[in-house]
Amino acid sequence: MKKYIFIITILITSFLSAQSIGRVMKSNGTVLIKPMGAGTYSVDVKPGQAISNGDAIRVGDASFAVVIFIDDKSVVKIRENTDFQFVETTNTRSLIIDQGTTLHNVNKEGRTKAYRVETPVSVASVKGTEFSAFHDAVAGVDKFVGKSGNFDVFNTISGQTVNVGPGQKAVSNALGQLIPAPAQPGDYPEDPEGESPDQEDQDQQQEDRPEQQQNNQQPDVQQQQERQPQKRQVQENRVDSQQPSDPSATQQSAQEPPSSSAPKPKKPFNLGLGVGSATIDGNIYNQIALRPELSFGKLGIGLDLVVYIDNQGNVREDEWDEASDFIDKLLYIRWGEKSDPFWLRWGSLNNVTLGYGGLLGGYSNMMEFPSVRKVGINTGFGFGNFGTEIFLSNIKDFSRGGTLLGLRGTYKLSDAIPVKFGLNFVTDMNQFSGLKDSDKDTYPDMFDDFPNDKLLWNDTDGDGIADLNGGSEKPDKGWDIDGDGDNILDTEDSDLKLKPTPFSLKDNKATAQGFAFDVGYPILNSKSFSLEAYMEYNKLMFPKVAGDAYYSRKAMDGTGITIPGMRASLFSFLNMSFEYRIKQGFYVPQFFDGSYDLSRVVAEFGESGTIIRTKDQVLFADSTASINSAGMYGSVSANLFNLISFNASYANMKADTVEFNSFSTLINVNAENIPKLSVAQAYYQRNNDKNPFDFENPSINTVFGYKVGYEVSQGVSLIWDFRQFYRDTGTGLEPVKQTTIETAFDF
Numbered sequence: 009m010k011k012y013i014f015i016i017t018i019l020i021t022s023f024l025s026a027q028s029i030g031r032v033m034k035s036n037g038t039v040l041i042k043p044m045g046a047g048t049y050s051v052d053v054k055p056g057q058a059i060s061n062g063d064a065i066r067v068g069d070a071s072f073a074v075v076i077f078i079d080d081k082s083v084v085k086i087r088e089n090t091d092f093q094f095v096e097t098t099n100t101r102s103l104i105i106d107q108g109t110t111l112h113n114v115n116k117e118g119r120t121k122a123y124r125v126e127t128p129v130s131v132a133s134v135k136g137t138e139f140s141a142f143h144d145a146v147a148g149v150d151k152f153v154g155k156s157g158n159f160d161v162f163n164t165i166s167g168q169t170v171n172v173g174p175g176q177k178a179v180s181n182a183l184g185q186l187i188p189a190p191a192q193p194g195d196y197p198e199d200p201e202g203e204s205p206d207q208e209d210q211d212q213q214q215e216d217r218p219e220q221q222q223n224n225q226q227p228d229v230q231q232q233q234e235r236q237p238q239k240r241q242v243q244e245n246r247v248d249s250q251q252p253s254d255p256s257a258t259q260q261s262a263q264e265p266p267s268s269s270a271p272k273p274k275k276p277f278n279l280g281l282g283v284g285s286a287t288i289d290g291n292i293y294n295q296i297a298l299r300p301e302l303s304f305g306k307l308g309i310g311l312d313l314v315v316y317i318d319n320q321g322n323v324r325e326d327e328w329d330e331a332s333d334f335i336d337k338l339l340y341i342r343w344g345e346k347s348d349p350f351w352l353r354w355g356s357l358n359n360v361t362l363g364y365g366g367l368l369g370g371y372s373n374m375m376e377f378p379s380v381r382k383v384g385i386n387t388g389f390g391f392g393n394f395g396t397e398i399f400l401s402n403i404k405d406f407s408r409g410g411t412l413l414g415l416r417g418t419y420k421l422s423d424a425i426p427v428k429f430g431l432n433f434v435t436d437m438n439q440f441s442g443l444k445d446s447d448k449d450t451y452p453d454m455f456d457d458f459p460n461d462k463l464l465w466n467d468t469d470g471d472g473i474a475d476l477n478g479g480s481e482k483p484d485k486g487w488d489i490d491g492d493g494d495n496i497l498d499t500e501d502s503d504l505k506l507k508p509t510p511f512s513l514k515d516n517k518a519t520a521q522g523f524a525f526d527v528g529y530p531i532l533n534s535k536s537f538s539l540e541a542y543m544e545y546n547k548l549m550f551p552k553v554a555g556d557a558y559y560s561r562k563a564m565d566g567t568g569i570t571i572p573g574m575r576a577s578l579f580s581f582l583n584m585s586f587e588y589r590i591k592q593g594f595y596v597p598q599f600f601d602g603s604y605d606l607s608r609v610v611a612e613f614g615e616s617g618t619i620i621r622t623k624d625q626v627l628f629a630d631s632t633a634s635i636n637s638a639g640m641y642g643s644v645s646a647n648l649f650n651l652i653s654f655n656a657s658y659a660n661m662k663a664d665t666v667e668f669n670s671f672s673t674l675i676n677v678n679a680e681n682i683p684k685l686s687v688a689q690a691y692y693q694r695n696n697d698k699n700p701f702d703f704e705n706p707s708i709n710t711v712f713g714y715k716v717g718y719e720v721s722q723g724v725s726l727i728w729d730f731r732q733f734y735r736d737t738g739t740g741l742e743p744v745k746q747t748t749i750e751t752a753f754d755f
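Each number in my numbering comes from the position in the sequence shown (counting from 1) with 8 added on.
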């Protein structure tokens, strides 16, 4: 008896799995079916082909297919390069998509099963609606767009669910993010075939008549697909609005002459919406960032309205708890361009260069963004043959003793004799002012064991209880009775070793300053070719600091001369520069460079205690640093057929026995020419090292990173931004990695 029951069960199961659930109404091009249990797509599909439970369908390049379900007359249209499988149970109809795009018109009437569209990332549950589904298997990104009715989208990674209605979309990815947003023109895929399904149903009635006789009074399926323009609108590449902390901007060659081509007019309003993650102070936060940009003629305003949420759902309040925090919400304010009689940029600064860059070149105050938010100023004005420029890296540093300041003045003899003279002055008013001090107790966070408590600062054993006299006031729970954590009471410990009072900003100050004089003359200036000759004299000075046990410095100074210097531009396509440099004493070109904020101050923690070193002490620590040397510098940048642009620079300075080299490069791919790519760039910088190409052994002067953006749809991009630099801990170099993963919307 059991044998017969088993055989009957097998027969019933085979019958159910093999029964037809739909038919192919139309097909064009390469359309293949892989029957259930088969290993390959072997059945060439023709109109009228039956679809059985468990069948998988593949639609090739420049092809399409239309399938109608027999029971409820729901229709699914399958676009090119799509693979999915039909799977039905007693209560559920599932379309399991491996890759590609499908358009669905799901009927409520006559349907007895739940309708679902599944991908490896998401599940869309539908009651009765018209919508599209897209899955990118490589990026792990789904996009669902509603046309009529409502449906739910569930992210299988995070467990999040959103409801999508008409004119809305949901973007779901393998990182667990599920973002609802308004649908944009072009989001809903183009109908793969132009004929109305009404006519298709009439053509198909002959084949479906046996199944339709009991329902011949039921109205046919109505599916009205709007034709979308075949040419997608090209998305403007707005990397800065989506990720303002763009370190690659610091790699732009300071030697490039301005392009003769007119800049593209700015949109009057741009709105960037970013949803992703960010690492701040070593902690990972989910971030929701709204970054609108407003343009009114010469006036431009950029905002950075970001909320950081930890893994417990708590909002990070550090960005919103003080009145000064609201200054940080202004990413920038700009007026005009450098070619205007008056221009100004306030807030984020990138690629700031004074003159020919001998002192300050390619500087950025965004290298530590968003952990450290700086408010800089770069402005200038011209009157007659005179011109001026003012630069401040961070006005908030004035509360800690000063900031990096730059001044430049220029004078041109006349239009007939266009020789231009320039004079620069740069000073870091207090190199320690960049050290973060959250509780404002004058002890920087990197030395303060209680960075958020103004009254406490030392905890030798790290148990959260302050050492005896490790603060200005005795805490409520008292001082630590075993400060060094050796299980011996401090009063009975004959070998008690507690931390000394930390390094304080109150009693320490170090400055770095320099001035420069330059002369430039345009030899040729035409649309096809321009050539300029120049010379530059630079002086760097580091005054003596008596200091304390943590920091002291001897007086140092040095000079650098560029003679001659040449830079040229060919058809605004290829830019080149060459300099012969002479160096004497303690001098390096572009001392205030793009990575200056990262190497401004270094703390070395050793067994003998903590030692503070400024950038000049790190660069000139070697006994050979003051040796006079001479060498060549060259840079080149090009835009290759508007497909890819790059710039690179290299310097080689030699003395009798030593050699200093610098190298930086940036490669940027024009995303407009590559489908699904919104941004792609990589950069590398390493200055004043013996071998900047020794990639396996980086130094404190090394900075590199990349940014890649995948365009899920028009206006929606998944952006991966990675940056790495190095800090000297006293026992070796420690890599600092900053990664931001963001889903960015551009409305």
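For glycine and all other residues, C-beta sits at the position ideal for the given N, C-alpha and C. Given the structure is predicted, the values throughout are model-derived calculations rather than measurements.
- Item | Start-to-end residues for the beta strand (DSSP E) that takes in residue 74 | 72–77
- Less than 8 Å between the CB atoms is what I'm expecting for residue 469 and residue 492, so what's the real figure, rounded? 6 Å
- Message: Does the structure place the segment 520–527 close enough to the segment 364–374 that three or more beta carbon pairs sit under 8 Å?
- Response: yes
- In the DSSP assignment, find the unbroken alpha helix (DSSP H) run with residue 624 in it and report its ends. 623–627
- Query: Name the DSSP beta bridge partners of residue 716, please?
  - Reply: 688, 728
- Task: Ignore the nearest five residues each way along the sequence and tell me which others in residue 677's own chain have a CB closer than 6 Å to its CB.
- Result: 652, 688
- Nearest-angstrom Cα separation, counted from residue 76 out to residue 138: 14 Å
- Endpoints, the beta strand (DSSP E) within which residue 539 is located: 537–550
- Task: Pick out whichever of 598, 581, 574 has its Cα sitting closest to the Cα of residue 588.
- Result: 574
- Item | Beta-bridge pairing of residue 82 - partner residues as DSSP gives them | DSSP lists no partner for residue 82.
- Contacting residues, own chain, Cβ-Cβ under 6 Å from residue 237 (five flanking each side not counted): Any reading at residue 237 needs caution, since the residue's pLDDT is 33, under 50, leaving its predicted position unreliable; the model's value is listed next. Result list for residue 237: empty, nothing under 6 Å.
- Say yes only if the C-beta of residue 531 is nearer than 7 Å to one or more non-hydrogen atoms of the ligand NAP, and no if none qualify. Inclusion of the ligand NAP in the displayed structure is not the case, the ligand content being empty and no account of it being possible.
- Message: Please classify residue 572 as buried or exposed, where buried requires at least 16 other C-beta atoms within 10 Å of its C-beta.
- Response: exposed
- Roughly how many whole angstroms lie between the Cα atoms of residue 475 and residue 442? 27 Å
- Message: Can you find the residues in the same chain that come closer than 6 Å, C-beta to C-beta, to residue 352, ignoring five residues on each side of it along the sequence?
- Response: 343, 387
- Task: Please confirm if the segment 401–411 is in contact with the segment 425–434, defined as three or more CB-CB distances below 8 Å between the two stretches.
- Result: no
- Message: Which runs of the beta strand (DSSP E) at least 3 residues long sit entirely within the segment 626–678? Give them in chain order.
- Response: 637–648, 652–662, 667–677
- Assign residue 301 to one of two classes, buried (16 or more other C-beta atoms within 10 Å of its C-beta) or exposed (fewer than that). buried
- Query: In angstroms, rounded to a whole number, what distance separates the CA positions of residue 130 and residue 101?
  - Reply: 16 Å
- Query: If you draw a straight line from the alpha carbon of residue 245 to that of residue 313, how long is it in whole angstroms?
  - Reply: A caution first: residue 245 carries a pLDDT of 32, below 50, which makes its placement in the model unreliable, though a value can still be read off. Residue 245 and residue 313: Cα-Cα distance of roughly 21 Å.
- Item | Three-state secondary structure (DSSP) of residue 325 | helix
- Query: Under the rule that 16 or more other beta-carbon atoms within 10 Å means buried, what is residue 824, buried or exposed?
  - Reply: Any answer about residue 824 is impossible in this case: the structure gives the chain only from 9 up to 755.
- Query: In chain order, what residues of the same chain have a beta carbon less than 8 Å from the beta carbon of residue 538, not counting five sequence neighbours either side?
  - Reply: 265, 530, 532, 576, 577
- Assess, as a yes-or-no matter, whether the segment 622–632 is touched by the segment 714–726 under the definition of 3 or more beta carbon pairs within less than 8 Å. no
- Message: Does the structure place the segment 188–202 close enough to the segment 732–749 that three or more beta carbon pairs sit under 8 Å?
- Response: no
- Inter-residue spacing [alpha-carbon to alpha-carbon] between residue 81 and residue 112: 11 Å
- Please check the pair residue 507 and residue 477, which I expect to be a contact at CB under 8 Å, by giving their CB distance rounded to whole angstroms. In fact, because the Cβ distance is near 11 Å, the residues do not count as touching under 8 Å.
- Shortest alpha-carbon distance to residue 157 belongs to which of 706, 173, 149? 173
- Closer than 7 Å by C-beta to residue 647: which residues in its own chain qualify, once you throw out the five before and the five after it? Chain order, please. 581, 653
- Item | Own chain, CB closer than 6 Å to residue 168, minus 5 neighbours either side, in chain order | 186
- Any beta strand (DSSP E) of 3 or more consecutive residues that is wholly inside the segment 565–590: none
- Nearest to residue 594 by CA position, among 299, 565, 707, 691, is which residue? 565
- Determine the extent of the beta strand (DSSP E) in which residue 603 is found, giving its start and end residues. It is not in any beta strand (DSSP E) - residue 603 carries neither H nor E in the DSSP assignment.
- Label residue 460 either buried or exposed according to how many other C-beta atoms from any shown protein chain fall within 10 Å of its C-beta, with 16 as the threshold for buried. exposed
- Task: Report the option in 462, 551, 727, 299 whose CA atom is closest to the CA atom of residue 438.
- Result: 551
- Pick helix, strand or coil for residue 257, following the three-state DSSP scheme. Here residue 257 scores only 39 on pLDDT, less than 50, and its place in the model is too uncertain to base an answer on.
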